[in-house]
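The structure appears below as structure tokens.
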Amino acid sequence: MGLFFVSARMGIIFIEPNFGSDAMIARISALSICVALVLTSLPVTAQDGRSRSILVLDQSQSTGVFFLQIFSGLRAGIDADTSAHTTIFSESLDLSRFDGDAYHESLRRHFSEKYRDKDIGAIVTMGSGALKLVLRWRDELWPGIPIVFGMVDEADHARLKLPNDLTGSILKTRLADSIGVARAVVPDLETVVFVGDHWDRQNVFSSWGLEVPKATAGLNVIDLVGATMAEVRKRVEALPARSAIIYSAMYSDGEGIYLSPAKAFELVAEKANRPIIVAAEPLVALGSIGGPVIVPRLIGADAAKRALRILHGEPASSIPVAISHAAKPIFNWLQMERWGVSESNLPSGSEIRFREPSMWAKYRWQTLSVAAVLLIQAGLISILLHERHRRANAERESRNRLTELAHAHRQATAGELSSTIAHELNQPLGAILTNTETAELILNSPSPNLSEVKEILADIRRDDIRASEVIHRMRSFLRRAPFEDKAIDLNDTVRNVFEFLAIQASARNVALYFEPSGEPIQVRGDQVQLQQVIMNLVVNSMDAMAAIPKGRAVIGRTEMNGGSSAVVSILDSGPGIPTEKLNEVFDPFFTTKKQGMGIGLSISRTIVQAHRGRIWAENQREGGAVFRLSLPLAIS
Ligand code: ADP
């Protein structure tokens, strides 16, 4: 009976039973178990039994952008599996530039040598040319190693009759889809222009030729497939209006110079006067309008997934071959703008790239910040305006109240002054009566002296005018008018009050003196209200001196105070004000008088403040109180 054990690396090791003795058999058995244990714990040996190396064989040249993107998708997919490190070997067969049995043979020898000691777990092929060669070499170079294929179209897949230990995805590129896009891009399409290498020699367009009759029904066809680059460039710059170009891929200029499909595309696009529909994603960015394109990263990612499953121990035959999802409608927004293509015409699910952000999207934060600043500013302005409005209303309201209050106080003052006013009126009226009686007597005499009567009449007129002046002054003092704001002469204002109170003063045995400033003083405000203030101060002074037997005097003075204000002072020879009461006297209802109301000074202060002025009380060093009020000059 033969002995065997399992090596993860080599599969089954078989040892011939030619040792003869039981002891020997026992020793070998023990050794075998040890070797098996050591081998199963080696790091190169994955749990699943497959080497963590894959070999990628691409039929194109490795520097082409398309393969680079396949490879990067594959690399990302493999690296995403962090359970163990996987080594990737990559070979570019460059079959579009090198072909023939001799070349294939040299490749075989090269790989045989190069990978002799490399333990490959899975082979990934890109393109049906690469797949065919690997199938031919596999038994010799990589016996039993599973294959993952990509970039194989339906027709090639059917032709190749693949063994079942292969897995991969089949690319479906249909000419009809590209022509469908051409119709969406050019709604009244009449002509399609085919540009590229011969389709049957290309990797994924081998079935396009068969599709042509049906896919192009009703269209004119300009077939530049296989034409030289020079010819193509000449033709595409003068294409008819309702046409579109369908570009597969070109690998040379047809005159001995090899080109990458991307470079060849740029040469065509440079001249083309019509939109170009492409089949490979990297060309979308290079100036084509887009189309149903193959996305190379997705091809690489799909191959990586399948290879990893194999490395994890799944047999390739249990991973079903599937139709690839690597083809997608992708479009270039800039070219759509150029050719006036509306997004709504494009196949549903189309991806639009390079869309220029709208002004809103571009400057969203700047716009929002400016709008926020403007909003805040507008808010502040409206709050300030509202406040200003409220303040103006409040000021107007308080002035109205003040006017009412001042008027009421003037009426009260007039009541107090009524006896002296009556006296003031009685004087001229009495004189008029006396003069009238005298005139009558003269006229009744036998020889009346008419010139004397004339003089008497003149006296009567003068007394009448005096009486009407008293009434006029009283009426204007008691007038109830809204607050007036006009330039007024301060000297006149004070003088009027002193004149008005002259009779009252003499009746109370008070001497009144007014000392006006040398120059005229102009202030702004309401003359009646300012007169009320002065009158209140003078009357208060006369009241304060009522108890002193003699030497009662009130002096009024006006003077400039610097260049911006004037001061009115009312001094008396009374007892003065206790120092602690100097401020209190302005409080409403503060009075020391029996009949006093205690609102005169409080109203005076309010009036002065409404004139943007100040009023205060002091005591004179030599005795007596002095009240001062300062007012801004009209010009300042
Ligand atoms: P009223 O005259 O009704 O008392 P005022 O507000 O005009 O109300 O005056 C308040 C108080 O201020 C007076 O009662 C008096 O005590 C005091 N006062 C005002 N003027 C003088 C003054 N020239 N000398 C002394 N005290 C004064």
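In this note's numbering, the protein residues as written are 1288 to 1923.
For every residue, glycine included, the Cβ atom is placed at its ideal position computed from N, Cα and C.
Under DSSP, Tyr1534 shares a beta bridge with Val1482. Here Asn1507 has Glu1477, Thr1478 as same chain residues with Cβ atoms under 7 Å from its own Cβ, once five neighbours each way along the sequence are excluded. Residue pairing for Asp1751: DSSP places it in no beta bridge. Of Thr1893, Gly1838, Asn1490, Gly1887, the smallest CA-CA separation from Ala1701 is found for Gly1887. In this structure, Val1472 sits near Val1628, with a CB-CB distance shorter than 8 Å.
Between Ile1842 and Leu1858, the C-beta spacing is below 8 Å.
Cβ-Cβ distances below 6 Å link Arg1677 to nothing in the same chain once the five nearest sequence neighbours on each side are left out. Between Ile1790 and Thr1707, the gap from beta carbon to beta carbon is short of 8 Å. Secondary structure of Leu1526 (DSSP, three-state): coil. Taking the Cα positions, Thr1879 is about 18 Å away from Ala1699.
Secondary structure at Val1352: helix, using DSSP grouped into helix, strand and coil. Taken from the Cβ of Asp1859, at least one heavy atom of the ligand ADP lies inside 7 Å.
Comparing alpha carbon positions, the residue from Arg1697, Ser1734, Ala1745, Ala1695 closest to Pro1715 is Ala1745. A direct Cα-to-Cα measurement between Ala1840 and Val1781 gives close to 16 Å. Judged by beta-carbon spacing, Glu1568 lies beyond the 8 Å limit of Ile1639, meaning their Cβ atoms are not closer than that value. In this structure, Tyr1538 is the residue among Tyr1538, Val1411, Ala1502, His1444 with its C-alpha nearest to the C-alpha of Leu1382. Counting every other CB atom within 10 Å of its CB across the protein chains shown gives Asp1487 a total below 16, marking it as exposed. Its chain contains Ile1775, Thr1780 as the residues whose beta carbon lies nearer than 6 Å to that of Gln1814, once the 5 sequence neighbours on both sides are disregarded; these appear in chain order. Taking 8 Å as the cut-off, the beta carbon of Ser1493 is found closer than this to the beta carbon of Asp1440. Residue ranges of uninterrupted beta strand (DSSP E) with 3 or more members, entirely inside the segment 1767-1820 and ordered along the chain, are 1773-1776, 1798-1802, 1809-1812. Taking a contact to require three or more Cβ pairs closer than 8 Å, the segment 1549-1559 and the segment 1582-1592 do not qualify as touching. A direct Cα-Cα distance of roughly 8 Å separates Thr1893 from Leu1689. Bridge pairing for Gly1843: Phe1801, Ile1857 [DSSP]. Counted as a single uninterrupted DSSP element, the stretch harbouring Met1832 is not any beta strand (DSSP E), since DSSP gives it neither H nor E. The ligand ADP has no heavy atom closer than 7 Å to the beta-carbon of Phe1770. Counting the other CB atoms within 10 Å of its CB gives Leu1655 a total below 16, which places it among the exposed residues.
The nearest non-hydrogen atom of the ligand ADP is 7 Å or more from the C-beta of Asn1713.
The beta carbon of Ala1681 lies closer than 7 Å to none in the same chain, with the five residues before and after it left out. Comparing alpha-carbon positions, the option among Leu1720, Ser1734, Leu1462 lying closest to Arg1748 turns out to be Leu1720.
In the structure shown, Lys1405 adopts coil according to DSSP, grouped into three states. Arg1697: member of the alpha helix (DSSP H) spanning 1651-1731, first to last residue. As computed with DSSP, Tyr1390 is found in no beta bridge at all. In the structure shown, Val1628 falls within a coil segment according to DSSP collapsed to helix, strand and coil. Leaving aside the five residues that flank Asn1778 on each side, the residues in its chain whose CB is nearer than 7 Å to its CB run, in chain order, Pro1803, Ser1804, Pro1807, Ile1808, Thr1845. Relative to the non-hydrogen atoms of the ligand ADP, the Cβ of Lys1773 never comes closer than 7 Å to any of them.
Under the Cβ criterion (8 Å, minimum of three pairs), the segment 1592-1605 does not count as touching the segment 1566-1581.
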